[in-house]
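Since the structure comes first, as structure tokens, the remarks are kept for the end.
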Amino acid sequence: MPRKCDDKGRCWRSLFRIDQVLQGKRPPAVSDTQAQGLLNACKKVRFRARPAAKEDGIIAAARRLHNDPELQLRRPGQRDAMLGFFLNLFLASGLPIMTKIALIWSVCGLLATTITVLATSAPDFQPASFVFGEFINSTGWPGGVAFLLGLLQGGRSKKSTPIVVVSAEAACTEAFLEYANRLSDRQCLDRIVIDECHLTITASCYRRSMSQLAWHVRQIRTQTVWLTATLPPIYQELFFEHNKLVRPHIVRESTNRPNIRYIVQQERGLGNLCEQAACLVQSCWTRTDLFKSERDQVIIYCPTKDLVAELADMLGCPSYTAESGTEEEKMAIIERWLTAADSPIIVATSALGPGFDYPHIRLVIHVDAPSLLTDFSQESGRAGRDGEVAESIVLLSAAWQPQLGRPVAADKEAMQLYLLQEYCSRGVLSQFLDSKPDWRWCMEGDELCSVCPEHHAQCRPPTLEFHLPRPLRDETEAGQDGDNSCQYPDMVMPLCFGAFSRPGRTKWFLKHFNQSFKTCQEYMLWLGKGASLGGSRCVNANCVAALLLGELE
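The UniProt record's numbering puts the sequence shown at residues 1 to 553.
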């Protein structure tokens with residue numbers, strides 16, 4: 001049996017000439033000289049090294065680009081961000097829009113192609129053209145911007161340009177990957193810049209491209225630069241995980257906007273919030289301290305499309321929502337608003353937010369309470385982008401109350417803390433959007449908010465943290481903690497109505513308040529006026545209810 005196996009093995013080895021192959025050499029496909037030359041050539045191949053840049057060289061290039069021999073980096077964050085461009089992964093948070101555009105354009109003037117993904121632009125790139133237009137006009141850049149509309153519809157152009165702008169939706173396609181990888185293979189791609197990158201988290205629930213963008217971009221072997229002015233520190237780890245970032249170089253700068261005056265008004269009296277907003281904007285339009293040019297404009301944000309339509313009809317001005325038509329029709333609305341001499345106002349939903357950077361917005365009004373502080377910071381940040389004084393006003397109804405004792409997301413809790421107006425408005429924004437070393441409040445050089453009576457003389461300590469008041473469990477605990485807030489807010493108005501309907505009301509009101517009322521409307525107006533109860537500020541309605549409850553004891 002073993003012998004038969006050996007014989008069969010020799011037959012197979014003889015058939016396939018295994019012994020001869022093992023003893024000999026494989027016939028070379030090319031000469032040894034050619035093979036050695038190819039091997040040596042492969043050893044000499046090197047990937048194009050990312051150029052090393054120093055601060056002096058960057059400033060010199062930026063001066064040539066801006067045609068300004070005295071240009072300097074004004075902020076520490078600008079220097080760190082410029083040098084950070086020469087790393088593999090880079091995240092910049094809190095940088096103003098013109099700083100971000102300057103970073104992209106200045107560095108691309110030194111290197112090859114930079115692909116810029118605009119998370120806020122639509123597929124036809126009209127908003128992208130608007131964002132870059134102001135900077136292009138101010139610098140006199142002659143060209144070199146390619147919008148990837150035709151390319152991603154089947155074009156095969158291999159022409160390189162310093163900047164290629166693409167929407168987030170277009171970046172999540174196989175055509176974009178093919179184009180970017182072709183540039184990378186030719187070593188003509190320097191980096192991919194993602195602007196307004198916080199939307200990959202905040203908008204991923206309703207924009208599919210925001211959840212897929214990182215998966216597509218990170219397939220391309222090049223540097224990625226993630227730019228945003230709205231990435232709260234509490235979202236940073238989630239952002240890294242969502243976008244597949246490993247040990248990125250982070251540059252954070254204060255998000256403070258010193259030229260914006262933050263105001264919260266809790267409206268009382270006749271009329272709904274829309275009517276009060278209309279009166280407010282008409283009175284503000286005559287202010288010469290705020291509106292100094294025909295270019296100055298006003299944005300009014302409403303939480304629903306119905307309120308947008310109602311207020312726009314009331315003011316006779318254009319409106320803008322996500323359903324305002326095609327992208328061409330939306331851009332026509334914006335153009336008509338910015339060029340109209342008789343109507344400086346537009347009423348909009350949050351659809352007119354990130355990516356809209358008209359510099360001369362003097363006033364931003366929010367009708368009713370915004371939900372998230374990240375959205376509010378983006379929308380209020382449309383104001384004063386030219387550096388001149390601007391105002392952000394939130395109009396609240398008299399019935400608004402913070403949701404104390406209920407579990408809410410940190411973003412919503414920060415918004416309620418802002419609206420509560422117990423702490424500096426600028427300080428609440430800074431606490432949520434900035435890292436602790438950058439926390440601040442209204443100081444010299446900042447426009448005062450509606451909370452601070454005067455500028456703070458000292459910097460805000462990083463250990464000073466603002467919180468919503470702790471909800472009280474019962475009336476006994478309220479008395480022990482010295483809290484004098486209304487314990488039965490739902491009973492106030494029914495009690496007030498009962499007081500007005502009771503027999504002998506005229507004598508009762510004269511005795512306790514030295515007041516008499518001929519009509520219900522006159523009585524309701526009086527109820528909303530300020531008063532004092534137990535040493536705490538309140539309205540007359542609280543005093544009436546407290547007296548009636550005292551009579552029941």
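Glycine included, each C-beta is placed from N, C-alpha and C at the ideal position.
- With contacts defined by Cβ atoms closer than 8 Å, T113 and C188 form a contacting pair.
- Relative to L118, the option among W226, Y206 and T288 whose CA is nearest is W226.
- Contact annotation: P318 and R295 have beta-carbon atoms that are not nearer than 8 Å.
- Contact between the region 306-326 and the region 261-281 is present: 3 or more CB-CB pairs across the two stretches fall below 8 Å.
- Between R406 and G530, the alpha-carbon positions lie close to 29 Å from each other.
- The three-state reading of DSSP puts D190 in strand, counting E and B together.
- In the structure shown, the three-state DSSP call for E465 is coil.
- DSSP places L395 inside the beta strand (DSSP E), whose first and last residues are A390 to S397.
- In the structure shown, W215 adopts helical secondary structure according to DSSP, grouped into three states.
- About 7 Å separates the beta carbons of A414 and V428, which is inside the 8 Å limit, making them a contact pair.
- Scanning the UniProt domain "Helicase C-terminal" (286-440) for uninterrupted beta strand (DSSP E) segments of 3 residues or longer gives 297-301, 345-348, 361-367 and 390-397, listed from N- to C-terminal end.
- In this structure the region 504-512 does not touch the region 455-472; the number of beta carbon pairs closer than 8 Å is below three.
- For Y523, the CB contacts under 6 Å within the same chain, skipping 5 residues up- and downstream, are F500 and F517 in chain order.
- Here the region 205-222 does not lie against the region 345-353, with fewer than 3 beta-carbon pairs under 8 Å apart.
- With contact defined as three or more Cβ pairs closer than 8 Å, the region 259-275 and the region 224-242 are not in contact.
- Rounded to whole angstroms, V451 and G384 show a C-alpha spacing of 20 Å.
- If you draw a straight line from the Cα of R182 to the Cα of R63, it comes to about 32 Å.
- In this structure, T224 sits near R191, with a CB-CB distance shorter than 8 Å.
- Contact check for R221 and S184: beta-carbon distance about 6 Å, within the 8 Å limit, so the pair qualifies.
- Just so you know, the alpha carbons of A60 and P162 end up roughly 18 Å apart.
- Under the three-state reduction of DSSP, C538 is assigned to strand.
- With 16 or more neighbouring CB atoms inside 10 Å of its own CB, Y418 falls in the buried class.
- For Q212, same chain residues with a beta-carbon under 6 Å away, outside a window of 5 residues either side, are C172 in chain order.
- Residue nearest to A399 within the set V544, D195, A322 and L273 is L273 (criterion: CA-CA distance).
- Distance between L311 and V246, taken at the CA atoms: about 47 Å.
- Going by DSSP, Q276 is part of the alpha helix (DSSP H) stretching over L273 to C284.
- With a cutoff of 8 Å on beta-carbon distance, T321 and V308 are scored as near each other.
- Straight through space, the alpha carbons of P69 and S371 are spaced by roughly 46 Å.
- Here the C-alpha atom of V367 lies approximately 17 Å from the C-alpha atom of P344.
- Residue environment for S293: exposed (fewer than 16 other C-beta atoms within 10 angstroms of its C-beta).
- Excluding its 5 nearest sequence neighbours in each direction, L547 has C-beta neighbours in its own chain below 7 Å: H512, listed in chain order.
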